[in-house]
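The block underneath contains the structure these notes are about, expressed in structure tokens.
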Amino acid sequence: MTVVDAAKSLSFTKQHLNRVLAAWDDPVDWADLTIYGFYCLEAAVVASALHAGLDFRRSHSQKAEAAKELYLSHDLPDVSGFLWQLNAARKAVAYGDVDLPDLDAEDVARRIEDYVDSVSAFLEE
0 MTVVDAAKSL SFTKQHLNRV LAAWDDPVDW ADLTIYGFYC LEAAVVASAL HAGLDFRRSH
60 SQKAEAAKEL YLSHDLPDVS GFLWQLNAAR KAVAYGDVDL PDLDAEDVAR RIEDYVDSVS
120 AFLEE
């Protein structure tokens with residue numbers, strides 16, 4: 000299995016972001032917004048963590064911890080809690096076993112896009 004480097008992970012991030020930006024407008028496609036939003040944020044965290052040389056495992060909880068560490072040590076926005084919200088929203092839409100969190104679609108897309116912009120700038124450093 001090939002290990003993904005920071006640039007490749009950022010490439011996945013941008014592909015997912017395109018789906019996010021297409022999903023938030025009326026009518027909102029909550030499935031694409033939550034699923035690709037979650038994938039997008041996780042891929043962005045992975046890109047940043049790899050660039051920063053952080054050691055982490057590839058689980059949802061480890062990625063959330065990496066997001067918190069990137070916030071604390073590299074001044075990236077703190078998306079650790081937002082990752083958990085999106086994961087819950089993804090499960091609500093995909094499985095129906097939890098309630099959909101109270102989210103505003105435009106705000107979700109904006110926050111994700113802002114984070115991707117921050118990560119892109121971080122990778123250029």
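Going by numbering that gives the first Met the number 0, the sequence shown opens with residue 0, and the numbers climb by one from there.
Glycine residues also receive a C-beta, built at the ideal position from the N, C-alpha and C atoms.
Contacts around residue i, its chain only, beta-carbon distance under 7 Å, and the 5 residues preceding and following it disregarded
i: V97; result: A87, K90 and A91
i: A51; result: L69 and H73
i: H15; result: Y35, Y38, C39 and A42
Boundaries of the alpha helix (DSSP H) in which residue i is found, first to last residue
i: L122; result: A104 to E123
i: R89; result: S79 to A93
i: S8; result: A5 to A22
i: V44; result: W29 to A51
Inter-residue Cα distance where the pair is residue i and residue j
i: G80; j: D116; result: 19 Å
i: V107; j: S58; result: 22 Å
i: L32; j: R110; result: 12 Å
Beta-carbon contacts of residue i that lie in its chain and below 6 Å, excluding the five residues immediately before and after
i: E105; result: W23
Chain-order list of residues whose beta-carbon lies under 8 Å from that of residue i (same chain, five-residue window excluded)
i: A64; result: Reading off the sequence shown, one finds Glu at residue 64, where the question assumed Ala. Only F55 and S79 meet the Cβ criterion.
i: E152; result: With the chain covering only 0 through 124, there is no way to say anything about residue 152.
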